[in-house]
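Residues -18 to -1, 1 to 340 in mature numbering (1 follows the signal peptide of the UniProt record, and there is no 0) are what the sequence shown lists, from first letter to last.
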Amino acid sequence: MIRTLKFTACAAALLALAACGNNNEGAAPGSQKARTGIWAAGSSTVFPFATRVAETFARNGGAGSSPRIESLGTGGGIQAFCAGVGPSTPDIANASRPMKQSEFDRCVENGVTDIVELKIGYDGIVIATARTGASFNLELNDLYEALAKDVPGADGQFVANPAKTWNEVNKALPATRIQVYGPPPTSGTRDAFLELGMAPGAKLIPAVAAVEKQDKTRFETIAHTLREDGAWIDSGENDNAIVQTLTRTPGSLGVFGFSFLEQNMDTVKAETIDGVAPSVATIADGSYPLARSLYIYVKKAHIGVTPGLEQFVQEFMSDGAAGRGGYLQDRGLVPLQAEQLAVERAKAAAMTSMSRPN
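Given below as structure tokens:
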């Protein structure tokens, strides 16, 4: 589900301008006709933070028309961002994971050669249930054993995952059906869940760990491929929809960002991972296993062309927004340490281009 924040009727004009294809193909970067407002697209996790910054920017009389913020998922946002330079492409990609090397290369191929990567804070991936449901004390290997499409069989060969209930995976878990609602393949939350939850959990299984030593590509396929038999259910880019589903589906679990947990504590609860519950403190210090960093990527060629873009980025990285006690913390963002934020603010002020990811 695509969510878009539109503050004024000017946003409709923005869409029309983009649809006309007025991106001056073949023109030098930065020479395209300016849009009337800022356009950011990407992560559903970063979406509420970007919309809050946009509200403040517009309220304080920021240049241009009110910003347009879209929730397309990290992959979708970066794909649009990397499509080229011009008014038909976003100024900013919001991301709940770092940009991949392949995405950076696609940007460069399409003329997006100067990209500013800014870490805005932290978030945790939450495994949650309805407040009225049974409690789970999950271990990392439980995630792999319950949700991987293929798991080691009795003879060590990989077979289709036969587990139907959680107590088949771990006798200490409830005897409820394995039914987990989570984000789709375009989502940075899903990518991070695979990297932080599924892969580390898989390494705890001796037969899978042996595969990693022999063939890292095969290991990644095994660890990152989720079940397709109804145990894992793709639920779109709207994390709030997952939250609502948990209250309507007793015994089910959901995977979404920590900020959505904080906004819905009256209806859902977070389950522990390896005995650690997600909180501002455990996410900031990294003790919660599914903690992650959040980013915005800025197209440097659009600075000075899209009205107010540089000022919008400065507002995003300001102490009042991204700092401790800032208004984004009220929305659920776990802030960077002051020293870390100072480094990111310096990058924003200098518009320092990132290097190709490793």
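Glycine included, every Cβ here is placed at the ideal spot set by N, Cα and C.
None of these values were measured; they are calculated from a predicted model.
Roughly how many whole angstroms lie between the Cα atoms of residue i and residue j?
| i | j | result |
| --- | --- | --- |
| G305 | Q319 | 8 angstroms |
| R313 | F31 | 7 angstroms |
| P289 | P49 | 10 angstroms |
| I285 | F201 | 42 angstroms |
| P339 | R34 | 29 angstroms |
| Q322 | A266 | 12 angstroms |
| F242 | V225 | 8 angstroms |
| M180 | F238 | 15 angstroms |
| V67 | S335 | 16 angstroms |
| G8 | I60 | Below a pLDDT of 50, predicted positions are generally treated as unreliable, and G8, at 35, falls in that range; the measurement from the model is reported next regardless. For G8 and I60, the distance between alpha carbons rounds to 21 angstroms. |
| A184 | Q139 | 15 angstroms |
| A80 | E91 | Per the sequence shown, the amino acid found at residue 80 is Pro instead of Ala. If I take the Cα positions, the gap works out to 19 angstroms. |
| A283 | S169 | 26 angstroms |
| G93 | N76 | 19 angstroms |
| R209 | Q293 | 44 angstroms |
| M333 | D87 | 20 angstroms |
| G43 | T27 | 26 angstroms |
| K329 | C64 | 20 angstroms |
| E150 | Y270 | 25 angstroms |
| S261 | G268 | 10 angstroms |
DSSP three-state call for residue i: helix, strand or coil?
| i | result |
| --- | --- |
| D301 | helix |
| L252 | Just to set this straight, residue 252 is Ala in the shown sequence, not Leu. Residue state, collapsed to three classes: strand. |
| A142 | strand |
| A213 | coil |
| E150 | helix |
| R306 | coil |
| D132 | strand |
| F238 | strand |
| V193 | helix |
| V280 | strand |
| R41 | helix |
| R313 | coil |
| M336 | coil |
| G290 | coil |
| N5 | In this prediction, N5 has a pLDDT of 37, which is less than 50 and means its spatial position is unreliable; what the coordinates show is noted afterwards. Note: N5 maps to coil in three-state DSSP. |
| L120 | strand |
| I187 | coil |
| V295 | helix |
| V262 | helix |
Along the chain, where does the alpha helix (DSSP H) that runs through residue i open and close?
| i | result |
| --- | --- |
| Q199 | The amino acid at residue 199 is misidentified as Gln; the sequence shows Thr. Residues 198 to 206. |
| residue 391 | Here the chain comprises residues numbered -18 to 340, so residue 391 is not present and cannot be evaluated. |
| E85 | 83 to 91 |
| Y270 | No alpha helix (DSSP H) contains Y270, which DSSP labels as neither H nor E. |
| G218 | Counting along the chain, G218 falls outside any alpha helix (DSSP H), and DSSP gives it neither H nor E. |
| E52 | First-last for E52: 47 to 53, but that is the beta strand (DSSP E), not the alpha helix (DSSP H). |
| I60 | 56 to 63 |
Measuring CA to CA, which of the options is closest to residue i?
| i | options | result |
| --- | --- | --- |
| P317 | T147, T334, A263 | A263 |
| A40 | A330, L291, M333 | L291 |
| G218 | R159, G55, F242, I97 | G55 |
| P165 | P72, D87, E244, A174 | A174 |
| A303 | S26, G19, T38 | T38 |
| R327 | L100, T18, A65 | L100 |
| G307 | A110, G103, K329 | G103 |
| M247 | G233, D256, L228 | L228 |
| I109 | G268, L310, A330, K251 | K251 |
| V162 | S337, A130, G44, G43 | A130 |
| F29 | E194, K146, L272, T171 | T171 |
| T147 | D96, L235, T95, L176 | L235 |
| I215 | G24, T231, I20 | T231 |
| I160 | E127, F298, A45 | E127 |
Which residues bound the beta strand (DSSP E) around residue i?
| i | result |
| --- | --- |
| T111 | 97 to 112 |
| E177 | Element bounds for E177: n/a, residue is neither H nor E. |
| A23 | 19 to 24 |
| G164 | 162 to 164 |
| D76 | Rather than Asp, the amino acid found at residue 76 in this sequence is Asn. Segment 74 to 77, the beta strand (DSSP E) holding N76. |
Kindly list the residues whose CB is nearer than 6 angstroms to the CB of residue i, restricted to its own chain and excluding five residues on each side of it in sequence; keep chain order.
| i | result |
| --- | --- |
| I74 | A22, I278, V280 |
| T207 | K131 |
Can you find the residues in the same chain that come closer than 8 angstroms, C-beta to C-beta, to residue i, ignoring five residues on each side of it along the sequence?
| i | result |
| --- | --- |
| R274 | S78, R79, Y104, D105, G106, I107, A174, L178 |
| A116 | P156, T158, G233 |
| G257 | N119 |
| L122 | G179, P182, G183, L186, I255, D256, P271 |
Leaving aside the five residues before and after residue i along the sequence, list all residues of the same chain whose C-beta is less than 7 angstroms from its C-beta, in chain order.
| i | result |
| --- | --- |
| P134 | F140, I187, A189, V190 |
| A145 | E127, A128, V151, I160 |
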